[in-house]
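The structure under discussion appears below in the form of structure tokens.
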Amino acid sequence: MIKRATDEIRPGMIVNLGIGLPTRVLDHLDANLAVCLHSENGIAGVGPSLSNNDADRNLIDAGGTYVSTLPGTSFFDSAVSFSLVRRGRLDLTVLGAFQVAANGDLANWKIPELFTPGPGGAIELAQKARRVVVLTTHQDKRGRSKIVKECSLPLTAAGCVDRIYTDMAVLDVTKKGIVLREIAEGLSVDEVVAATDATLIVPDTGVVTF
Amino acid sequence: MIKRATDEIRPGMIVNLGIGLPTRVLDHLDANLAVCLHSENGIAGVGPSLSNNDADRNLIDAGGTYVSTLPGTSFFDSAVSFSLVRRGRLDLTVLGAFQVAANGDLANWKIPELFTPGPGGAIELAQKARRVVVLTTHQDKRGRSKIVKECSLPLTAAGCVDRIYTDMAVLDVTKKGIVLREIAEGLSVDEVVAATDATLIVPDTGVVTF
Amino acid sequence: MIGADKTTSIEAAVSQIKDGNTVMIGGFGVPGTPFTLIEELVRQGQSGLTVIKNDSNMPGMGVDRLLENGQVAKLIVSHIGLNPNAVRMMNEKVLEVEFCAQGILAERIRCAGAGLHGFLTDIGIDTDLANDKTTTEIDGKTLLVEKALSADFALIHADRADPFGNLIYVGTARNFNPLMAMAADHTLAETETLVAVGDLRPEETHTPGPFVDGVVFLPKLSEYYGVVER
Amino acid sequence: MIGADKTTSIEAAVSQIKDGNTVMIGGFGVPGTPFTLIEELVRQGQSGLTVIKNDSNMPGMGVDRLLENGQVAKLIVSHIGLNPNAVRMMNEKVLEVEFCAQGILAERIRCAGAGLHGFLTDIGIDTDLANDKTTTEIDGKTLLVEKALSADFALIHADRADPFGNLIYVGTARNFNPLMAMAADHTLAETETLVAVGDLRPEETHTPGPFVDGVVFLPKLSEYYGVVER
Chain A
0 MIKRATDEIR PGMIVNLGIG LPTRVLDHLD ANLAVCLHSE NGIAGVGPSL
50 SNNDADRNLI DAGGTYVSTL PGTSFFDSAV SFSLVRRGRL DLTVLGAFQV
100 AANGDLANWK IPELFTPGPG GAIELAQKAR RVVVLTTHQD KRGRSKIVKE
150 CSLPLTAAGC VDRIYTDMAV LDVTKKGIVL REIAEGLSVD EVVAATDATL
200 IVPDTGVVTF
Chain B
0 MIKRATDEIR PGMIVNLGIG LPTRVLDHLD ANLAVCLHSE NGIAGVGPSL
50 SNNDADRNLI DAGGTYVSTL PGTSFFDSAV SFSLVRRGRL DLTVLGAFQV
100 AANGDLANWK IPELFTPGPG GAIELAQKAR RVVVLTTHQD KRGRSKIVKE
150 CSLPLTAAGC VDRIYTDMAV LDVTKKGIVL REIAEGLSVD EVVAATDATL
200 IVPDTGVVTF
Chain C
0 MIGADKTTSI EAAVSQIKDG NTVMIGGFGV PGTPFTLIEE LVRQGQSGLT
50 VIKNDSNMPG MGVDRLLENG QVAKLIVSHI GLNPNAVRMM NEKVLEVEFC
100 AQGILAERIR CAGAGLHGFL TDIGIDTDLA NDKTTTEIDG KTLLVEKALS
150 ADFALIHADR ADPFGNLIYV GTARNFNPLM AMAADHTLAE TETLVAVGDL
200 RPEETHTPGP FVDGVVFLPK LSEYYGVVER
Chain D
0 MIGADKTTSI EAAVSQIKDG NTVMIGGFGV PGTPFTLIEE LVRQGQSGLT
50 VIKNDSNMPG MGVDRLLENG QVAKLIVSHI GLNPNAVRMM NEKVLEVEFC
100 AQGILAERIR CAGAGLHGFL TDIGIDTDLA NDKTTTEIDG KTLLVEKALS
150 ADFALIHADR ADPFGNLIYV GTARNFNPLM AMAADHTLAE TETLVAVGDL
200 RPEETHTPGP FVDGVVFLPK LSEYYGVVER
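These protein sequence lines are chains A, B, C and D, in that order. Using numbering that gives the first Met the number 0, the letters of the first sequence map in sequence onto residues 0 to 209. Using numbering that gives the first Met the number 0, the letters of the second sequence map in sequence onto residues 0 to 209. Using numbering that gives the first Met the number 0, the letters of the third sequence map in sequence onto residues 0 to 229. Using numbering that gives the first Met the number 0, the letters of the fourth sequence map in sequence onto residues 0 to 229.
Now the structure itself:
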């Protein structure tokens, strides 16, 4: 599914990859693709990640990975970094999720009483990137669907998600609801529908396998 | 009076000198005094002014004079420049005036229907510098007192002025009104009082000559 | 690779500006004013513009060229005292002028660049400039609501740039340029020197490339950029 | 000459902080975190502090050292996910935690540094973070009022500094440091390198000297500053 999500990233884009799974999209990206990766701790032009041996102690991405620069990289403070996000200069963000709802609501910062890491940069990324894509396992560790009718967890942002990539499917959030676009090899449409809390729209034109 | 005003400037201060007469305070300042001159177009540490022959075309103060740098000078954008002013990092500003009122009101940006240069940085300097000193001729070109009971011109800032230096006198703005501190050599107290629209408080301790 | 090559001809860059657009123009006096972009705008003649700039330059140069060519409907500015033409046009009511305190003008532009909608301040609260503004309270203190000031285009002057749009300013030519570069829908920068991508250190860049849409190299500087004799 | 020599001993600098003070601390993860100033604050033991920082570092370092030493009453922060101690203390209600969206935290700090009182934004409007906030309208759009966030002290980590307090940051160690350096009543900066006044170019300075009150030279960096093994 990570490889599948690389299609989102096109030449000339400014892109922010969230902490965790989304960052791993990098590993599958063509190194010659003319794309500018933004990290909210103050870089435009994040270069390949480095091992601890090669690391610069002052150069990490927002997830704490040691990274490098590229020709054209710039550093800036946290206010400029989020100015870039809120002013609409970010073409795409790929985020993780606790839950995504049928209307595009995203929850990924707070599980009350259990685990509240805090919002970090996710609220602004989700609200202001021109395109918001979620990359997540289809179900949580206890087998519950993360694609839900309505979010039970506190929201990160309302109606923000455009597309979801999971290990089971590729889904588009539309005004009519969530449309099943693709399913993983070896799965049937019925299996994906059964594994999903939200009602899925299966187009008459059929569903591709990835 | 310009020379007299140099006493305001003490070691360690951050100081902004307004366009016109106030800038000329520089000419009378000890070059070894440890003072940091701020100019609102984006410099802390304005160095001596330069002739056109020696000028750097990209280095002016807010009045358009070609200036130089000093060891320790920094350049910044206009937002940072006024952050410094509004955050209270400016110890002193010396400003020009159309009118100063008995309560410390200052008018120096607009003469309706006649001449409206605009406020420039004066509103923020007047409102936020820790000490606001006015350096001005005592009367305008038509012989009218600039030290008035109440400003008839639109205000730059209310109750902001601490002290006034003119060609006739040094005056402190206090809660009780304007106190005459010093008079220029060759003038009598009565002459200064007569040349002033605002009521002056003449202290029992007497008035010094400068 | 980091991204697109944004270098463009000055004709193509400026031709994106349409009649009635709002245009922010960097500079404080001569330093940082994009005279060449302005001259191209004079040549192309777009009209009914709202211009946002710190000052109106001096007669015969910069913004004054747009004023005398009748292209400006409204000027949002902090100071016009060095341009008698602007003062006269305002007094004759052929030019609408909106004055802002200089730092508030800078903040309104920055506010738009930061993707925020407005800010709250006590600056100007006892002046005429407060007359038509909404007020609100924080902790019992009355404050003016200042609105973010965006634009269709920003015209920027840089000392150095790379094709990705990373910009560096020198001396007091920085002023409003980095603020405006972030605030407009489309940011066009002219540059005295064009270097290869990778030739600017990541720490020294003042305006990051993602904010910039077009980079115009100036092979030659006109006399406008020189030391002003007065 | 430009001004005062602000170099000071770390003991004298940190001893100005009093019980109950609000302290902003630069850094995003390890880069830019002033570990040495924090350790001195641990050693001196001021208590009841409100700490403003992007994150709570990882266990055993930085802000966590203040937490485990019981010196922090309240934490204003955007993310604590990498510090289970902070999460536990919050859940056990021995630590009050106020979460801000990261860019809003940055802007609230910057807003104080800019001498403004607050700003208006739609960020977080559909979330729990909007619950206790005032709203207002601009042009019919409902916006949250975010208040400026100042502090008694800011603790800053610089790569290079001169005695006047001009500061330069490297890499991603910049983050919140230049914002906090402007926002507090008293700004204390530790620096890896101390150069003579005049050795920093005016264009490359990130934080101008007038914002800084004390400069502490670090003759040696502790292991906290190194590459994190995980």
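Heads up, the beta-carbon is just placed ideally off N, CA and C, and yes, glycines get one too.
Distance cutoff 8 angstroms, beta carbons only. Does C/L142 sit that close to anything in chain D?
Residue mapping note: residue 142 of chain C aligns to position 143 of the third sequence, counting from 1. Taking Cβ atoms only, chain D reaches closer than 8 angstroms to C/L142, which makes this a yes.
Beta carbon proximity, D/V196 to chain B, threshold 8 angstroms
The count along the fourth sequence starts at 1 and reaches residue 196 of chain D at position 197. So yes, D/V196 belongs to the interface.
Does B/I13 get closer than 8 angstroms to chain D when you measure Cβ to Cβ?
Locating residue 13 of chain B in the second sequence gives position 14, where the first residue counts as 1. Closer than 8 angstroms: yes.
Shortest alpha-carbon distance to B/L105 belongs to which of B/A125, B/E112, B/E190?
Here the question's residue 105 of chain B lines up with position 106 in the second sequence. Here the closest residue by C-alpha is B/A125.
Measure the CB-CB distance between D/M60 and D/F34 and report whether it falls below 8 angstroms.
Reading the fourth sequence from its first residue, position 61 is the one you call residue 60 of chain D. Reading the fourth sequence from its first residue, position 35 is the one you call residue 34 of chain D. Closer than 8 angstroms, so yes.
Beta carbon of A/L186 nearer than 8 angstroms to that of A/L179
Looking up residue 186 of chain A in the first sequence gives position 187. Looking up residue 179 of chain A in the first sequence gives position 180. No; because the gap between Cβ atoms is not below 8 angstroms, this pair is not in contact.
Short CB-CB distance (under 8 angstroms) between B/L70 and chain C
Within the second sequence, numbered from 1, the residue matching residue 70 of chain B stands at position 71. The question names Leu, but residue 70 of chain B is Pro in the sequence shown. Chain C contact via Cβ: absent.
C/M23 - partner residues in DSSP beta bridges
Counted from its first residue, the third sequence places residue 23 of chain C at position 24. DSSP lists C/I51, C/A153 as partners of C/M23.
Please report the straight-line C-alpha distance between C/L148 and D/L119, rounded to a whole angstrom.
Position 149 of the third sequence, counting from 1, holds the residue named residue 148 of chain C. Position 120 of the fourth sequence, counting from 1, holds the residue named residue 119 of chain D. Each residue's Cα considered, the two are about 13 angstroms apart.
Can you check whether the CB of C/G2 is closer than 8 angstroms to the CB of A/C35?
By one-based count along the first sequence, residue 35 of chain A stands at place 36. By one-based count along the third sequence, residue 2 of chain C stands at place 3. Yes, these two residues count as a Cβ contact at 8 angstroms.
Compute the Euclidean distance between the alpha carbons of B/G158 and B/G44, then round it to the nearest angstrom.
Translated into the one-based positions of the second sequence, residue 158 of chain B becomes position 159. Translated into the one-based positions of the second sequence, residue 44 of chain B becomes position 45. So the alpha carbons of these two residues sit roughly 29 angstroms apart.
C/L48 beta carbon less than 8 angstroms from that of C/A72
For the purposes of this step, residue 72 of chain C is taken as residue 73 along the third sequence, with counting starting at 1. For the purposes of this step, residue 48 of chain C is taken as residue 49 along the third sequence, with counting starting at 1. Yes, Cβ-Cβ distance for C/A72 and C/L48 is below 8 angstroms.
What's the gap between the Cα of C/G123 and the Cα of C/I75?
Numbered from 1 along the third sequence, position 124 holds the residue referred to as residue 123 of chain C. Numbered from 1 along the third sequence, position 76 holds the residue referred to as residue 75 of chain C. So the two alpha carbons sit approximately 16 angstroms from each other.
Evaluate C/G26 with the Cβ neighbour count: other Cβ atoms within 10 Å of its Cβ, from every protein chain shown; 16 or more gives buried, anything less gives exposed.
Numbered from 1 along the third sequence, position 27 holds the residue referred to as residue 26 of chain C. By the neighbour-count criterion, in which 16 or more other beta carbons inside 10 Å mark a residue as buried, C/G26 falls on the buried side.
Based on Cα-Cα distance, which residue from B/R141, B/L152, B/V133 lies nearest to B/T165?
The sequence position of residue 165 of chain B within the second sequence is 166, counting from 1. The option with the nearest alpha carbon to B/T165 is B/V133.
If the cut is a Cβ gap below 7 angstroms, which residues of chain A does C/M181 touch?
Translated into positions along the third sequence, residue 181 of chain C becomes position 182. What C/M181 touches in chain A: S82, R86.
Should C/K52 and C/I9 be called a contact, given that it needs their Cβ atoms to be closer than 8 angstroms?
Here residue 52 of chain C refers to the residue found at position 53 when the third sequence is read from its first residue. Here residue 9 of chain C refers to the residue found at position 10 when the third sequence is read from its first residue. Cβ distance not < 8 angstroms, so C/K52 and C/I9 don't count as in contact.
Nearest-angstrom Cβ-Cβ length linking A/S73 and C/T204, presumed shorter than 8 angstroms:
Working through the first sequence from its first residue, we reach residue 73 of chain A at position 74. Working through the third sequence from its first residue, we reach residue 204 of chain C at position 205. That belief holds up - the Cβ atoms of A/S73 and C/T204 are roughly 4 angstroms apart, short of 8 angstroms.
Secondary structure, alpha helix (DSSP H): runs of 4+ residues fully inside the segment 82-120 of chain D:
Assignment of alpha helix (DSSP H) within the segment 82-120 of chain D, counting only whole runs of 4 or more residues, yields 83-90, 101-112 in chain order.
Exposed or buried, which one is A/Q98 when buried takes at least 16 other CB atoms within 10 Å?
For the purposes of this step, residue 98 of chain A is identified with residue 99 of the first sequence, where counting begins at 1. It is buried - the Cβ of A/Q98 has at least 16 other Cβ atoms within 10 Å.
Pair every Cβ in the segment 116-125 of chain A with every Cβ in the segment 101-111 of chain D, then say whether three or more of these pairs are closer than 8 angstroms.
Using a Cβ-Cβ distance cut-off of 8 angstroms, the segment 116-125 of chain A and the segment 101-111 of chain D are in contact, since at least three pairs of beta carbons, one from each stretch, lie closer than that value.
Taking C/A129 as the reference, which of C/E136, C/L143, C/D138 has the closest Cα?
Sequence index remark: in the third sequence, residue 129 of chain C carries index 130 (1-based). Selected option, being the one with the closest Cα: C/L143.
Status (buried if at least 16 other CB within 10 Å, exposed otherwise) for D/F175
Counting from one through the fourth sequence, the residue named residue 175 of chain D turns up at place 176. The residue in question, D/F175, is buried, as its Cβ has 16 or more Cβ neighbours within 10 Å.
Hey, C/I167 and C/A157 are a contact pair by Cβ (cut 8 angstroms); roughly how many whole angstroms apart?
As a working note, residue 167 of chain C is residue 168 in the third sequence. As a working note, residue 157 of chain C is residue 158 in the third sequence. A Cβ-Cβ separation of about 6 angstroms places C/I167 in contact with C/A157 under the 8 angstroms criterion.
Any chance the segment 88-102 of chain B sits against the segment 145-163 of chain B, with 3 or more Cβ pairs inside 8 angstroms?
yes
According to DSSP, simplified to helix, strand and coil, what is B/Y164?
Translated into positions along the second sequence, residue 164 of chain B becomes position 165. Three-state result, B/Y164: strand.
Starting from B/K2, follow the alpha helix (DSSP H) in both directions and report where the run begins and ends.
To locate residue 2 of chain B, count along the second sequence from 1; it is residue 3. Taken as a continuous stretch (DSSP letters only), the alpha helix (DSSP H) holding B/K2 covers 1-4.
Could you name the residues of chain D that C/C99 contacts, counting a contact when the two beta carbons are closer than 9 angstroms?
Taking the third sequence and counting its residues from 1, one reaches residue 99 of chain C at position 100. Simply none; closest approach about 14 angstroms.
Rounded to a whole number of angstroms, what is the C-alpha to C-alpha distance between C/P209 and D/E91?
Within the third sequence, the letter at position 210 stands for residue 209 of chain C. Within the fourth sequence, the letter at position 92 stands for residue 91 of chain D. Whole-angstrom Cα-Cα distance: 43 angstroms.
Candidates A/G205, A/I177, A/Q138, A/E123, of which the one nearest A/G87 by Cα
Residue numbering aside, residue 87 of chain A sits at position 88 when the first sequence is read from its first letter. Of the residues A/G205, A/I177, A/Q138, A/E123, the one whose Cα lies closest to the Cα of A/G87 is A/E123.
Enumerated in chain order, which unbroken segments of the beta strand (DSSP E) with a length of 3 residues or greater are wholly contained in the segment 164-217 of chain C?
183-193, 213-216
List in chain order: all unbroken alpha helix (DSSP H) runs of 4+ residues lying wholly within the segment 102-143 of chain A.
Within the segment 102-143 of chain A, the complete alpha helix (DSSP H) runs of at least 4 residues are 121-127.
Measure from the alpha carbon of A/S144 to the alpha carbon of each residue in A/T195, A/G95, A/V207, then state which is nearest.
Position 145 of the first sequence, counting from 1, holds the residue named residue 144 of chain A. Per the Cα distances, A/T195.
Which residues share a DSSP beta bridge with A/C35?
Residue mapping note: residue 35 of chain A aligns to position 36 of the first sequence, counting from 1. BP columns for A/C35 point to A/I13.
Compile a chain-ordered list of the residues in the segment 104-119 of chain C whose CB is closer than 9 angstroms to at least one CB of chain A.
Using a CB distance below 9 angstroms, the part of the segment 104-119 of chain C facing chain A consists of R109, A111, G112, A113, G114, L115, ordered along the chain.
Nearest chain C C-beta to A/A33 closer than 8 angstroms, yes or no?
Position 34 of the first sequence holds residue 33 of chain A. Yes, contact with chain C.
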